[in-house]
Amino acid sequence: MNIIKAAHIFYDYVLRDENDNIVETTHALTDFDLEVEKGSFVCLLGHNGCGKSTFARLINALNLPKEGTLLVDGMDTKDGRLTLNIREKAGMVFQNPDNQIISNVVEEDVAFGPENIGVPREEIIKRVDEAIDAVGMSAYRYKSPNQLSGGQKQRVAIAGIMAMRPECIVFDEPTAMLDPDGRKEVLEIAHRLNREEGITVVLITHYMEEAVNADRIVVMEKGRIALDKNGQKMDGSPREIFSKVDDLRALALTVPVITELAHELRTEGIPIPEGILTRTELVEALKPYF
Amino acid sequence: MLRDITIGQFYPVDSAIHRLDPRTKLAGTFVFLVSLFMTKSVIGYLLATAALVCCIRLSRVPFKFITKGLKAILAVLLISVSFNLFLTQGEIIFRIGFLKVTKEGLKIAGFMAIRLIYLVIGSSVMTLTTTPTQLTDGLEKSLGFLNKLNIPVHEIAMMMAIALRFIPILIEETDKIMKAQQARGADFESGNIIRRAKALVPILVPLFVSAFRRAADLANAMEARCYHGGAGRTKMRPLEYSAADKKAYIIMLIYILIIAAADFIGF
C-alpha cells in the first residue's frame with residue numbers, strides 16, 4: 002500500500018517583474034515519479050536546489066503541482082476540499098525550530114494542530130499527553146519554548162504534528178540548524194515513531210550519516226530521481242546507494258565517512274565488499290587481514 | 007537596554023492573581039486605569055496605591071522585576087513631566103532662566119508622573135501574571151461582540167499572540183546583529199543623537215529581512231498544521247470563570263465606587 006503516490010509531477014518557480022512578465026523560470030520538478038510505501042522510512046538526498054524541499058511542500062499541499070498528480074493516502078492534493086485532511090494525514094516538520102512554534106507554552110503549542118481541526122476538548126488533552134510523552138518532553142510541558150535547546154524545540158514541533166495523529170511525517174531538513182546532540186535526539190525520535198507507531202517517515206537531509214538507517218534512499222538531481230552510470234535510478238536500500246560512491250561523487254554528494262574509508266581501501270586493492278555502512282561492518286570485513 | 011523590556015513577559019509562579027481568568031485581569035486593569043485618570047484627589051491616589059500594592063503582593067512577582075519595565079518609559083516620563091512642570095500657567099514659585107515653575111505645574115506634573123508609573127506597573131502586573139496565550143484568549147473572548155461589526159477578532163488576537171511569542175526571539179536576534187556589526191567596527195555608543203540614530207540603520211535592515219523570513223516560515227508551519235482561521239476551532243483549555251473571579255469583580259466594583267465617592271465628596 003502506498004501512502005504517497007506522485008506521478009509525472011512538474012513544478013516551476015516563476016520569477017516575475019513588476020509588469021507580471023516572466024523573467025525567469027526554474028524547473029524544480031520535472032516528470033518526477035515517486036511512490037512511498039506505508040510504514041517505511043524513506044530518505045530523500047540531493048544537492049541544493051534538486052527539488053527535494055519542493056516535493057515536501059507538494060506532499061503537504063502547501064504548493065500544488067503544475068502538472069501531474071500527487072495522491073496522499075488516495076487523496077488528490079489538487080482537490081481543495083481535501084487540503085485539511087491531507088495536512089492532517091501527512092504532517093510536516095520544518096528546518097528552523099523557532100519559526101514553527103506558535104505558542105509560549107509547550108503544551109499549548111502541541112495542542113495547536115488538534116485545535117485547528119476541531120478535536121473536542123477531552124480528546125485534545127489526551128492527544129497532547131500522548132504526543133508530549135512520545136517525544137520525551139513531559140518534563141517541559143509547562144515551560145516556554147524559549148528556554149529549550151534547538152533539539153528540544155524540534156521535538157516539540159514533532160509532538161505538535163503527532164497530536165494530529167498523522168500517518169506520515171515529512172521532515173524537511175529537521176537537523177540542519179541543530180548541534181550534534183540535537184541532531185541525534187531528533188533522528189532517534191523519527192526512527193522510534195517509524196518503528197513503534199508505524200508512522201511513515203520521509204526524511205529530507207544533507208547529512209549522509211542520517212540516511213544510513215533508512216529503509217530506502219532516493220537520490221534526486223535537477224528535479225528528478227538521479228541516474229547512476231548504468232542508467233539505473235538511484236533508488237534503493239542504503240547499502241545499494243552508498244556502494245555507488247563514484248556516482249554520488251559525480252552528483253557532488255558525499256558518502257558516510259566509514260563507507261568512504263571502505264571504498265578507498267577497496268580501490269587500494271583490499272578486497273572488502275562495497276556498501277559498508279557502519280563501523281562494526283568495517284571491522285568485521287577487515288578482520289581476516291589481521 | 008533591550009533586556010529591560012518586561013512588557014509582554016510572563017513570570018511563572020503560582021499565585022491567586024495568576025489563577026484568575028484573563029478576562030477578570032483585563033477588566034481589573036481597565037478599572038484600575040479608569041480610576042487613575044478619573045481621580046483628582048489625594049485619597050484616590052492613596053487608594054490606587056493600596057490596590058496596586060495588594061495586587062503585587064498577591065501576585066508573588068518580585069517588586070524589582072516589575073519596576074524593570076519602568077526604565078523603558080523613562081524618556082517619555084521625563085518629557086511629559088517637564089512639559090507639565092514648565093509650561094503650566096499659574097502662581098510662580100521660582101524661575102530658572104526663562105523657565106518658570108508654578109505651583110499648579112508642580113501638582114500636575116506630580117500627578118502625571120504617578121499616573122504614568124502606575125499605568126505601566128498596573129499593566130505589567132497583568133502581563134506578568136498572564137501567559138500571552140491566556141491574554142489573547144481573554145481578549146478574543148471579551149471582544150467577541152466586535153465580530154458582528156466584521157472586525158476579525160480571532161485573527162487580531164492570533165497576531166498579538168504571535169507578536170508576543172517573537173519578542174524575545176527578535177530581541178536576541180537584534181543583540182546578535184549588533185554584536186556582528188560591532189565586530190566589524192560599527193559604533194553605536196558615541197556621537198550625537200542623529201549619529202546614533204543613523205548607526206541603527208545597519209541593525210534594522212537585517213532585522214526586518216529576517217523578521218519577514220520568519221513570518222513566511224511561520225505562515226507555512228501554521229498552514230501545515232491545518233490552521234485556517236478561527237472557524238471550527240476548538241480549545242484545549244477554554245476560559246471558565248471560577249468563584250475567585252466573581253469575588254475579584256465584586257472587589258473591583260467596590261474599589262471604583264469608593265474612588266468615585268471620594269472624588270465626589272472632594273477630598
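One line per chain: the protein sequences are U and C, in this order.
Numbered according to the working numbering, the first sequence spans residues 2 to 291.
Numbered according to the working numbering, the second sequence spans residues 7 to 273.
Each residue gets a CB set at the ideal place from its N, CA and C atoms; glycine is no exception.
Endpoints, beta strand (DSSP E) assigned at residue i
i	result
Val203(U)	201 to 206
Asp34(U)	23 to 38
Segment limits, alpha helix (DSSP H) that includes residue i
i	result
Gly47(U)	From DSSP, Gly47(U) is part of no alpha helix (DSSP H) but of the beta strand (DSSP E) over 42 to 47.
Glu241(U)	239 to 243
Leu93(C)	80 to 93
Thr3(C)	The requested residue 3(C) is not part of the displayed model; chain C covers only 7 to 273.
Glu179(C)	159 to 189
His24(C)	22 to 25
Met258(C)	249 to 271
Tyr51(C)	48 to 65
Gln101(U)	It is not in any alpha helix (DSSP H) - Gln101(U) carries neither H nor E in the DSSP assignment.
Met228(C)	199 to 230
Beta-carbon spacing of residue i, residue j below 8 Å
i	j	result
Val43(U)	Arg240(U)	no
Met235(U)	Lys223(U)	no
Ile60(U)	Ala91(U)	yes
Asn49(U)	Arg58(U)	no
Val157(U)	Met178(U)	no
Thr268(U)	Lys39(U)	no
Tyr261(C)	Ser21(C)	no
Asn105(U)	Thr137(C)	yes
Thr180(C)	Arg122(U)	no
Leu252(U)	Val220(U)	yes
Leu283(U)	Ile259(U)	yes
Thr84(U)	Ala62(U)	yes
Gln155(U)	Val203(U)	no
Ile265(C)	Thr45(C)	yes
Leu245(C)	Arg29(C)	yes
Gly151(U)	Gly183(U)	yes
Arg17(U)	Ile23(U)	yes
Met93(U)	Val15(U)	no
Lys67(U)	Val107(U)	no
Ala163(C)	Glu146(C)	yes
Leu176(C)	Phe16(C)	no
Own chain residues within Cβ distance below 6 Å of residue i, not counting five before or after
i	result
Ala268(C)	Ser47, Ile49, Gly50
Cys51(U)	Met221, Glu222
Residues that DSSP places opposite residue i in a beta bridge
i	result
Val73(U)	Ile5(U), Met76(U)
Met189(U)	Sequence inspection shows Glu at residue 189(U); the Met mentioned does not correspond to that position. Answer is none; Glu189(U) lacks a bridge partner.
Thr108(C)	Ile98(C)
Met93(U)	Val171(U)
Arg142(U)	Note: Arg142(U) sits in no beta bridge, so no partner.
Asp236(U)	Val219(U)
Phe11(U)	Glu68(U)
Ile226(U)	Met221(U)
Leu16(U)	Glu25(U)
Residue of the options minimising C-alpha distance to residue i
i	options	result
Arg250(U)	Glu269(U), Gln233(U), Asp229(U)	Asp229(U)
Ile256(C)	Phe172(C), Pro18(C), Gly34(C), Ala22(C)	Gly34(C)
Leu224(C)	Val37(U), Asn100(U), Asp77(U)	Asn100(U)
Arg220(C)	Thr55(U), Phe95(U), Leu71(U)	Phe95(U)
Gly75(C)	Pro28(C), Pro244(C), Leu125(C), Leu93(C)	Leu125(C)
Leu112(C)	Arg190(C), Leu91(C), Gly103(C), Glu229(C)	Leu91(C)
Gly161(U)	Lys185(U), Gly183(U), Ile133(U)	Ile133(U)
Thr279(U)	Gly237(U), Glu210(U), Ile226(U), Asp130(U)	Glu210(U)
Asp32(U)	Glu25(U), Leu46(U), Asn22(U), Asp13(U)	Asp13(U)
Ala119(C)	Lys106(C), Ser88(C), Asp251(C)	Ser88(C)
Thr281(U)	Gly270(U), Pro175(U), Ile271(U), Ala263(U)	Ala263(U)
Ala57(C)	Lys70(C), Phe38(C), Phe218(C), Gly236(C)	Phe38(C)
Asp130(U)	Ile103(U), Asp110(U), Asp173(U)	Asp110(U)
Thr255(U)	Glu25(U), Thr26(U), Thr78(U), Leu46(U)	Leu46(U)
Leu122(C)	Lys77(C), Ala230(C), Gly238(C)	Lys77(C)
Arg231(C)	Met76(U), Leu149(U), Met165(U)	Met165(U)
Ile209(C)	Ser86(C), Glu146(C), Met258(C), Arg190(C)	Arg190(C)
Gly235(C)	Pro158(C), Glu178(C), Ser196(C), Ile177(C)	Pro158(C)
Met258(C)	Gly116(C), Glu161(C), Cys61(C), Leu149(C)	Cys61(C)
Residues near residue i by beta carbon distance below 8 Å, same chain, minus five either side
i	result
Ala227(C)	none
Ile226(U)	Phe33, Asp34, Leu35, Val219, Val220, Lys234, Met235, Asp236
Residue-chain proximity (residue i, chain D), Cβ-Cβ < 8 Å
i	result
Pro138(C)	Although the question refers to chain D, the structure presented lacks it and instead comprises the protein chains U and C.
7 Å Cβ shell around residue i - same chain, five flanking residues per side excluded
i	result
Leu64(C)	Ser21, Ala22, Ile23
Thr139(C)	Ala167
Leu26(C)	Ala250, Asp251, Ala254
Asp143(C)	Pro28, Leu245
Pro115(U)	Ile125, Arg128, Ala164, Met165
Gly128(C)	Thr35, Phe38, Leu39, Leu58
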